[in-house]
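Here is the structure we will look at.
There are 2 protein chains.
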Amino acid sequence: MLDIILLGSGGGLPLPNRYLSSIVLGYKGRKILIDCGEGTQVAMREFHTGFKSLDIICITHIHGDHLFGLPGLLSTMGNSERVDPITIIGPPGIYDAVKGLTLTIYLPYHINIIEVQKDTLEIISTKNGLTLSTDLSKKGDISVSTIRLDHSADCIGYSFYINRKPAFLKENAINLGIPQNLWGRLQYGEDVQYEGKLYNHKMVLGHQRPGIKVSITTDTRPTEDIPEFIENSDLFICEGTYGDHQDQNKAIVNKHMTFEEAAVLAKKGNVDQLLLTHFSPAVDHPMDYIENAKSIFENTELGHDGLKFTLKFKD
Amino acid sequence: MLDIILLGSGGGLPLPNRYLSSIVLGYKGRKILIDCGEGTQVAMREFHTGFKSLDIICITHIHGDHLFGLPGLLSTMGNSERVDPITIIGPPGIYDAVKGLTLTIYLPYHINIIEVQKDTLEIISTKNGLTLSTDLSKKGDISVSTIRLDHSADCIGYSFYINRKPAFLKENAINLGIPQNLWGRLQYGEDVQYEGKLYNHKMVLGHQRPGIKVSITTDTRPTEDIPEFIENSDLFICEGTYGDHQDQNKAIVNKHMTFEEAAVLAKKGNVDQLLLTHFSPAVDHPMDYIENAKSIFENTELGHDGLKFTLKFKD
Chain L
260 MLDIILLGSG GGLPLPNRYL SSIVLGYKGR KILIDCGEGT QVAMREFHTG
310 FKSLDIICIT HIHGDHLFGL PGLLSTMGNS ERVDPITIIG PPGIYDAVKG
360 LTLTIYLPYH INIIEVQKDT LEIISTKNGL TLSTDLSKKG DISVSTIRLD
410 HSADCIGYSF YINRKPAFLK ENAINLGIPQ NLWGRLQYGE DVQYEGKLYN
460 HKMVLGHQRP GIKVSITTDT RPTEDIPEFI ENSDLFICEG TYGDHQDQNK
510 AIVNKHMTFE EAAVLAKKGN VDQLLLTHFS PAVDHPMDYI ENAKSIFENT
560 ELGHDGLKFT LKFKD
Chain E
260 MLDIILLGSG GGLPLPNRYL SSIVLGYKGR KILIDCGEGT QVAMREFHTG
310 FKSLDIICIT HIHGDHLFGL PGLLSTMGNS ERVDPITIIG PPGIYDAVKG
360 LTLTIYLPYH INIIEVQKDT LEIISTKNGL TLSTDLSKKG DISVSTIRLD
410 HSADCIGYSF YINRKPAFLK ENAINLGIPQ NLWGRLQYGE DVQYEGKLYN
460 HKMVLGHQRP GIKVSITTDT RPTEDIPEFI ENSDLFICEG TYGDHQDQNK
510 AIVNKHMTFE EAAVLAKKGN VDQLLLTHFS PAVDHPMDYI ENAKSIFENT
560 ELGHDGLKFT LKFKD
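Taken in sequence, the protein lines are chains L and E. The opening residue of the first sequence carries number 260 in this note's numbering; numbering runs sequentially from there. The opening residue of the second sequence carries number 260 in this note's numbering; numbering runs sequentially from there.
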């Protein structure tokens, strides 16, 4: 199960009535934040996401509306007695950007800053929270894929795939007389030696089951690679900076998308649902333009501040 | 005349229903901003102060709630086609802090960063806006005094004195046959040579008249020097982080003040009006505690986001 909260739906500038477009993913009580514009900590407070359970922050690109909330959020986390390290992932340049923004702050915890060099990162859920796996040979709880986007700054799209454990075949375990205290480890794919016997996890595990996929592309022009990257996403969160067809040229010049362009990507990528966000400050009423997306991809939703989704594994 | 807008009334953290405690001073259509916490640009938008007319930013101290709105505000000003330089004044360390916060931003204008070393700065109003005077021998339009405060970081209090020109004695000018095209320069204290005659400004200027004084002390414990620094202010804007007497110990430990302590300073300084601001996030309803100030200094007002004052020269 994955909880998703769209903290804000704005792009470019924080507005009195619209927070900037950051996203919280909640998994097993811990949190991943995607982007952190000015005011993100205020939205987190308003929508009760909590600060203490935040383990990883993914930054798409080094533009203020995706970044300038970091010093405030990190300070607030420090004042909340955090001592566990936090990981910040971003494009090349993120290391210097975070160092600059946090120059004046004393933080009682360590920040791991990772400039994304490779396509996939594995996140594991431990009793201490979500951390990046150092065992690259094995799938983590969440596989994070990245893609280079086409924006006016070096920009990364993220796809989060919640890996689902195969079903545990309880009947097999009983029939084979496997002691119940070993079931948990076997379910996690471990082979267990116990009282002289080797129990192979395959004895009690069913077939692979589909996980949950959420993809996020903001800010960018449409690219050829996006449809494959977002393929079969349960939820595709995409920038829709401009709603009106007449703003097509602005979208091209400013390296953004129209609602229509986002919908075309959603259709090509065969996603379940499209969530549009990152509306231009000039777009007062995104609802006026929703048909520009829906006429191409019916299952389109418009983002608004505090919008929540819960995605469950499909049976 | 001086316009004052209290953009926010909160301290420590930006909250969904309370902006951080920044102040805009408006003089002859141009603006001075005091402090710039996260969300200050949002409050400026909400309360229609404008961005283009901002010339000087005074930072009291290098704590996030007074500083972390800078990168966003400076970016927004850059996107508003600003090319004129802006001046940022602050305590020692402000240079590095601003450099760090703006590391990732391209700004189309220059930032003059001034670490306050001396007690007084003179601001002059020109057709290009408000700038610091380089002629230290002469009073500017606004004289800015500073004072070292007692906080957990190196912190500066600011006092702004709007110097009032002496009255222009029109009758004298007429009786003395002074050509009308010279009146403006004479009124500005200039002596003018014209058609072989020297006109001394004293011929047409009356006595000195009192200006307008606004003093700001946040964040700080009460100090012995504050009453003299704020003396006879038309408006004394002071931190009142805690309202309740029971929080006196917190005020001491965290280097802040209670409402009562601020009121004692206002009384000692013989100011006209006290404006309390910078309320702790734990103080939901400052109004519950206003009597703690009013019982000592009657003309106390509680800050709230967007509160406006207009101070006029006294006749």
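No residue lacks a Cβ here, since even glycine has one placed at the ideal position from N, Cα and C. A quick note: this is a predicted structure, and the numbers were derived from the prediction, not measured.
**Item:** For A525/L and F495/L, the rounded distance between their alpha carbons
**Value:** Counting from 1 along the first sequence, the entry for residue 495/L is found at position 236. Counting from 1 along the first sequence, the entry for residue 525/L is found at position 266. Approximately 7 Å, taken between the alpha carbons.
**Request:** Quick one: give me the first and last residue of the beta strand (DSSP E) that R289/L is part of.
**Result:** Within the first sequence, numbered from 1, the residue matching residue 289/L stands at position 30. Here the beta strand (DSSP E) through R289/L covers 289-293.
**Request:** Return no unless some Cβ of chain L is closer than 8 Å to the Cβ of F518/E.
**Result:** Here residue 518/E corresponds to residue number 259 of the second sequence, with the count starting at 1. No, no contact with chain L.
**Message:** I need the DSSP call for D506/L, collapsed to helix, strand or coil.
**Reply:** One-based indexing of the first sequence puts residue 506/L at position 247. It is helical.
**Prompt:** Roughly how far, in whole angstroms, is the beta-carbon of W442/E from the beta-carbon of F419/E, given that I think they are within contact range, below 8 Å?
**Reply:** What you label residue 442/E is simply residue 183 of the second sequence in a count that begins at 1. What you label residue 419/E is simply residue 160 of the second sequence in a count that begins at 1. In fact, because the Cβ distance is near 28 Å, the residues do not count as touching under 8 Å.
**Message:** Could you give the first and the last residue of the continuous beta strand (DSSP E) run that contains N422/E?
**Reply:** The residue labelled residue 422/E in the question sits at position 163 within the second sequence. From DSSP, the beta strand (DSSP E) with N422/E extends over 415-423.
**Message:** Against chain L, which members of the segment 350-376 of chain E pass a CB distance test of less than 9 Å?
**Reply:** Residues G352, D355, A356, K358, G359, L360, T361, L362, T363, I364.
**Message:** Less than 8 Å between the beta carbons of C317/E and I291/E, yes or no?
**Reply:** In the second sequence, residue 317/E corresponds to position 58, counting from 1. In the second sequence, residue 291/E corresponds to position 32, counting from 1. Yes.
**Request:** Say whether chain E places a C-beta atom closer than 8 Å to the C-beta of L272/L.
**Result:** For the purposes of this step, residue 272/L is taken as residue 13 along the first sequence, with counting starting at 1. Under the 8 Å criterion on CB atoms, L272/L is classed as interfacial with respect to chain E.
**Message:** Suppose you measure from the CA of A432/L to the CA of Y447/L; what does that come to, to the nearest Å?
**Reply:** Here the question's residue 432/L lines up with position 173 in the first sequence. Here the question's residue 447/L lines up with position 188 in the first sequence. Approximately 14 Å between the Cα atoms of the pair.
**Message:** Assuming the contact rule is C-beta atoms closer than 8 Å, H537/L and A412/L should be a hit. Round their C-beta distance to whole Å, please.
**Reply:** Locating residue 537/L in the first sequence gives position 278, counting from the first residue. Locating residue 412/L in the first sequence gives position 153, counting from the first residue. At roughly 14 Å, the Cβ-Cβ gap does not stay under 8 Å, so H537/L and A412/L are not in contact.
**Asked** Roughly how many angstroms lie between the CA atoms of A302/E and M546/E, to the nearest whole one?
**Response** As a first step, residue 302/E is located in the second sequence; it is residue number 43 there, counting from the start. As a first step, residue 546/E is located in the second sequence; it is residue number 287 there, counting from the start. Our two residues, A302/E and M546/E, have alpha carbons roughly 22 Å apart in a direct line.
**Asked** Are L408/L and I315/L touching if we call contact CB-CB under 8 Å?
**Response** Counted from its first residue, the first sequence places residue 408/L at position 149. Counted from its first residue, the first sequence places residue 315/L at position 56. No, these two residues do not count as a Cβ contact at 8 Å.
**Validate contact between the segment 383-399 of chain L and the segment 354-365 of chain L using beta carbons, cut 8 Å, 3 pairs** = no
**Asked** Taking contact to mean at least 3 C-beta pairs separated by less than 8 Å, is the segment 504-514 of chain L in contact with the segment 458-468 of chain L?
**Response** no
**Request:** Mind listing the chain L neighbours of V451/E? Cutoff is C-beta to C-beta under 7 Å, in chain order.
**Result:** Locating residue 451/E in the second sequence gives position 192, where the first residue counts as 1. Ordered by position in chain L, no residue passes the 7 Å Cβ test against V451/E, which lies about 49 Å from the chain.
**Prompt:** Does DSSP put D378/E in a helix, a strand or coil?
**Reply:** Position 119 of the second sequence, counted from the first residue, corresponds to residue 378/E. Coil.
**Request:** Using a cut-off of 8 Å between C-beta atoms, extract the partners of E305/L located in chain E.
**Result:** Counting from 1 along the first sequence, the entry for residue 305/L is found at position 46. Under the 8 Å cutoff, chain E gives P275.
**Item:** Straight-line gap, V451/L to M260/L (C-alpha atoms, nearest Å)
**Value:** For the purposes of this step, residue 451/L is taken as the residue at position 192 of the first sequence. For the purposes of this step, residue 260/L is taken as the residue at position 1 of the first sequence. Cα to Cα, the separation comes out at about 28 Å.
**Prompt:** My guess is that D478/L and H504/L are in contact by the Cβ rule of under 8 Å, so how many angstroms apart are they, rounded?
**Reply:** Within the first sequence, residue 478/L is the residue found at index 219, counting from 1. Within the first sequence, residue 504/L is the residue found at index 245, counting from 1. Between H504/L and D478/L the Cβ distance is about 19 Å, and since that is not below 8 Å, they are no contact.
**Request:** Taking C-beta pairs closer than 8 Å, name the residues in chain L that V301/E reaches, listed in chain order.
**Result:** One-based indexing of the second sequence puts residue 301/E at position 42. In chain order: P273, L274, P275, E297, G298.
**Message:** Measuring straight from C-alpha to C-alpha, what distance separates R289/E and G309/E?
**Reply:** Within the second sequence, the letter at position 30 stands for residue 289/E. Within the second sequence, the letter at position 50 stands for residue 309/E. Whole-angstrom Cα-Cα distance: 10 Å.
**Request:** Count the other C-beta atoms from every protein chain shown that fall within 10 angstroms of the C-beta of L457/L, then say buried if there are 16 or more, exposed otherwise.
**Result:** On the first sequence, position 198 is the one that residue 457/L refers to. Per the 10 Å Cβ criterion, exposed.
**Item:** DSSP bridge partner residues for I263/L (one or two, in chain order)
**Value:** Here residue 263/L refers to the residue found at position 4 of the first sequence. Note: I263/L sits in a beta bridge opposite L284/L, F568/L.
**Item:** Distance between D324/L and E340/E (C-alpha atoms, nearest Å)
**Value:** As a first step, residue 340/E must be located in the second sequence, where it is residue number 81. As a first step, residue 324/L must be located in the first sequence, where it is residue number 65. Roughly 18 Å between the two C-alpha positions.
**Request:** With 8 Å as the limit, tell me which residues of the segment 459-489 of chain L have their beta carbon closer than that to any beta carbon of chain E; keep them in chain order.
**Result:** None of the residues of the segment 459-489 of chain L has a beta carbon lying less than 8 Å from any beta carbon of chain E.
**Prompt:** Taking contact to mean at least 3 C-beta pairs separated by less than 8 Å, is the segment 517-532 of chain L in contact with the segment 555-562 of chain L?
**Reply:** yes
**Contacts of T335/E in chain L (Cβ-Cβ under 8 Å)** = The residue given as residue 335/E occupies position 76 in the second sequence. Result: L272.
**Message:** Quick check on DSSP: helix, strand or coil for Q446/L?
**Reply:** Here residue 446/L refers to the residue found at position 187 when the first sequence is read from its first residue. Here Q446/L sits in helix by DSSP.
**Request:** Can you tell me which of K287/E, E560/E, C295/E puts its alpha carbon nearest to the alpha carbon of N422/E?
**Result:** For the purposes of this step, residue 422/E is identified with residue 163 of the second sequence, where counting begins at 1. In terms of CA proximity to N422/E, K287/E leads the group K287/E, E560/E, C295/E.
**Request:** For P330/E, return the contacting residues in chain L, with the cut-off set at a CB-CB distance below 7 Å.
**Result:** Here residue 330/E corresponds to residue number 71 of the second sequence, with the count starting at 1. Neighbours of P330/E across chain L, judged by C-beta separation under 7 Å: G323, F327.
**Prompt:** Would S492/E be called buried (16 or more neighbouring beta carbons within 10 Å of its own) or exposed?
**Reply:** Numbered from 1 along the second sequence, position 233 holds the residue referred to as residue 492/E. Burial is judged here by how many other beta carbons sit within 10 angstroms of a residue's own beta carbon; S492/E has at least 16 and is buried.
**Request:** Report, in whole angstroms, the separation of the C-beta atoms of T482/E and S539/E, which I expect to be a contact under 8 Å.
**Result:** To locate residue 482/E, count along the second sequence from 1; it is residue 223. To locate residue 539/E, count along the second sequence from 1; it is residue 280. Rounded, the Cβ-Cβ distance is 20 Å, inconsistent with contact.
**Message:** My output table needs one value for N431/E: the three-state DSSP class, helix, strand or coil.
**Reply:** Translated into positions along the second sequence, residue 431/E becomes position 172. Residue state, collapsed to three classes: helix.
**Asked** In three-state DSSP terms, what is T407/E?
**Response** The sequence position of residue 407/E within the second sequence is 148, counting from 1. Looking at the sequence itself, residue 407/E is Arg, so the reference to Thr does not match. In the three-state scheme derived from DSSP, where H, G and I count as helix and E and B as strand, R407/E is classed as strand.
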